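Protein chains in written order, with my numbering: chain A, 137 to 267; chain B, 137 to 267; chain C, 137 to 267; chain D, 137 to 267. From the three backbone atoms N, C-alpha and C, an ideal C-beta is built for every residue, glycine too. Note that the structure is a prediction, hence the values are computed from the model and not measured. Have a look at the structure below, then the notes.
Listed below in C-alpha cells is the structure:
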C-alpha cells in the first residue's frame, strides 16, 4: 500500500495544542497527489491535459490527536469506482496509533464541465481497486 | 434557523479558480462558534471553564463551487444528541444555490480527558434539536 | 481612515495559544480588499478587466499577541506611490493596544505581464495618499 | 548553507494560479524549524524547556511566482544577533531562479514573559552567524 509522510508544522497546530482538524483534509490531498504520481496519473498532467477533478465529498474520523513535529504516515487506496466517481480511502498513523480514517469522492470533468468516465482518463486505476 | 455569513477571501481560493474544499471545514467551525455564541454556549467560555470539545468526525458534500468575494450563507442546526455526542448539521447557500452540505460530530472532555455528558454542560442544547 | 474588522477564528491560533503570525499577512489582504472596495477599486473588477496585482513585498512587526474571539481593528492607508508601485500601510489594534504594524508593496500587470502605471487604472488612488 | 525543500501543495495556490504570498511566511517557519533541528536547537525542545520564541518581525520580497508541484529550495542563515534578538535570513530558489528573499526577527522569553539572552539558550548560534 502506498504511504506518504507529513511532518506536522507549527502553523498547523491550534491553541488546543494539537493539529487543527481541518488540516487533515489537506493532508489527504497531499497524500492523494503523491499517490496519483506513484501510479503515473499526476494531477499536474491531468490539469495540463485540460481536465479538472473536483472533490465531491470528504469524510474524516478523528481517533487520536497529533501535534507539532509528529510524523504522520498516510496510506491511500482506491476504495471503489463507478463510471464517473472514484472513492479513495485514507488511514493515518502516528507513533503506532491510528489517528485518522477518512475517504474522498471525486469526479472528472473536461473544460466544458462534462463528466468524463474515469477509465477513459486513467485505465490503470482499475487494477488498483482494493476489495 | 441560525445563519452565519462568510465572505470568501482571496487566500481561500485555489488555482482551479474556486474556494479550496478544505476551507469549508473551516467555515463550518466559524459558523459553529457563532451558533454556540447565539445560544449562550460560547466556546471561549467552555475552554475557560476547563473543558475541550474535540471534533470526532466531519463530513462535507460539495454541490457547487464558490469563489473570491462570494458571500456564503451558512445555516447550522443540532441534528441529534446522545449522552456524549452532539451532531451538528450545516447547509451553505450562495447566490441562491445550495453549495455545500455537511455535519460534524463532537464530544466534550474535561481536563483529564474524561467524557462529560453534554446535557451537564449545555442543558439549553436539548431544546434546539431539530427533528 | 478606513477600518476593517477581523474576528480571530479558532483555526487561526497555534499551540502557543495565540494567533499564528502568518495569518496577519492574510488579514492585511482581507483589509486591503475591503479598502479597495471602499474607494471604488474592487479587486474582483480589476481581475475581470484582465489585470493582476501581485504582492511585491510584505513587512510585519508584531507588537502584542491576539487570540481566538478577539476582534482586530485594521486600519489601511496608502503610504506612497511611484509610477508602477503602490505602498499600503496597516495598523492593527485589539483591546486598545497596537498589536501589529506593517506594509505591502504592489504592482499592476496586464495579462502579458507588462507593468501598468497605477494612475491609469486607479486615478482615484492619488487623492488617498497620506503624508 | 542549510537548505530545506518544500513541494508546493495544491491548497497553497490561489486563483491567480500561483502560490499565495502568505504561504512563503509559513515556508520560512518550516525552514527555520528544520534549520534549528540541524544545529541541535530544536524548537520542540525549547518549548518543553519552558521557553517560547515569538516572531518580532517578518519581511518578504517576492521575485518570481511558483505554483503547484514546484519544489522550492529554501536556504536559511543567521544574519545577526544582539543580546536579545536573532535575525534569520532566507533565500528561496525554484527552477534555478531566486523566487523569494526575506528575514525574520525573533526574541526568546521564559514562561513569565521575561526576555532571555539567546546566548544563554543557544550558545552554538554565535558560530553560525554569517558576515
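Whose C-alpha, out of C/259, C/261, C/246, C/264, is nearest the C-alpha of residue 189 of chain C? C/246
For residue 224 of chain D, is the classification buried or exposed, using 16 other Cβ atoms within 10 angstroms of its Cβ as the cut-off for buried? In this structure residue 224 of chain D is buried. Its beta-carbon is surrounded by 16 or more other beta-carbon atoms within 10 angstroms.
7 Å Cβ cutoff met for residue 195 of chain C and residue 153 of chain C: No.
Can you list, in chain order, the residues of its chain whose CB lies under 6 Å from that of residue 139 of chain B, leaving out five sequence neighbours each side? 209, 211
So, does the CB of residue 150 of chain B fall closer than 7 Å to a CB anywhere in chain D? yes
Contact defined as beta carbons within less than 8 Å: I believe residue 165 of chain B pairs with residue 156 of chain B. What is the distance between those atoms, to the nearest angstrom? The Cβ separation is near 15 Å, so there is no contact.
Within the stretch 176-225 of chain A, ranges of the beta strand (DSSP E) (whole runs, at least 3 residues): 191-198, 207-217
Whether or not the stretch 247-262 of chain A and the stretch 200-207 of chain A are in contact is what I'm after, with contact meaning three or more pairs of Cβ atoms, one per stretch, closer than 8 Å; do they touch? Not touching, per the Cβ criterion.
Counting only C-beta atoms, is residue 156 of chain B closer than 7 Å to chain D at any point? yes
State buried or exposed for residue 137 of chain B, treating a residue as buried only when at least 16 other CB atoms are found within 10 Å of its CB. When all chains shown are included, residue 137 of chain B counts as exposed.
Give the residues from the stretch 166-177 of chain A that approach chain D closer than 8 Å (Cβ to any Cβ), ordered along the chain. 166, 169
Compute the Euclidean distance between the alpha carbons of residue 167 of chain B and residue 150 of chain C, then round it to the nearest angstrom. 20 Å
Within 10 angstroms of its Cβ, does residue 170 of chain C collect 16 or more other Cβ (buried), or is it exposed? Its Cβ being crowded by 16 or more others within 10 Å, residue 170 of chain C is buried.
So, under 8 Å CB-CB, residue 193 of chain A and residue 241 of chain A are touching, yes? Tell me the CB distance rounded to an integer number of Å. The beta-carbon distance between residue 193 of chain A and residue 241 of chain A, rounded to whole angstroms, is 4 Å. This is short enough to meet the 8 Å contact definition.
Take residue 201 of chain B and list the residues in its own chain whose beta-carbon comes closer than 6 Å to its own, dropping the five residues that flank it on each side. 154
Unbroken alpha helix (DSSP H) run spanning residue 172 of chain A, endpoints: 158-174
Rounded C-alpha distance that separates residue 179 of chain C from residue 145 of chain C: Answer to the nearest angstrom: the Cα atoms are 24 Å apart.
Boundaries of the beta strand (DSSP E) in which residue 138 of chain C is found, first to last residue: Per DSSP, the unbroken beta strand (DSSP E) holding residue 138 of chain C starts and ends at 138-143.
So, at 8 Å on beta carbons, what are the nonlocal neighbours of residue 265 of chain B in its own chain, with the 5 sequence-adjacent residues on each side left out? 214, 215, 216, 217
So for residue 261 of chain B, helix, strand or coil by DSSP? helix
With residue 147 of chain D as the anchor, note down where its beta strand (DSSP E) starts and where it stops. That residue, residue 147 of chain D, is in no beta strand (DSSP E); it is neither H nor E in DSSP.
Examine chain D for any beta-carbon lying closer than 7 Å to the beta-carbon of residue 153 of chain B, and answer yes or no. Output row for residue 153 of chain B: interface = yes.
Whole-number beta carbon distance between residue 199 of chain D and residue 163 of chain D, since they are thought to touch under 8 Å: With 8 Å as the limit, residue 163 of chain D and residue 199 of chain D do not qualify as a contact, their Cβ atoms being about 14 Å apart.
Neighbouring residues, chain C, relative to residue 147 of chain B (Cβ below 9 Å): 161, 162, 165, 166
Other residues of its chain near residue 141 of chain B: CB distance less than 8 Å, five sequence neighbours each side excluded: 207, 208, 209, 210
Under 9 Å Cβ-Cβ, which residues of chain D neighbour residue 204 of chain B? 150, 151
Checking contacts by CB at 7 Å: is residue 189 of chain D closer than that to chain A? Any Cβ of chain A closer than 7 Å to the Cβ of residue 189 of chain D would place that residue at the interface, and such an atom is absent.
Would residue 261 of chain A and residue 243 of chain A qualify as a contact pair, given that the criterion is a beta-carbon distance under 7 Å? No, they are not a contact pair.
Just to make sure I have the definition right: I need the residues of chain C whose C-beta is within less than 8 Å of the C-beta of residue 192 of chain D. Which are they? 197, 198
Looking at chain C, is there any beta carbon in it that lies within less than 7 Å of the beta carbon of residue 180 of chain B? yes
Nearer than 6 Å: is that true of the beta carbon of residue 188 of chain B relative to any heavy atom of the ligand ADP? Among the components modelled here there is no ligand, and therefore nothing to report on the ligand ADP.
If you check the beta carbons only, do residue 174 of chain A and residue 158 of chain B fall under 7 Å apart? no
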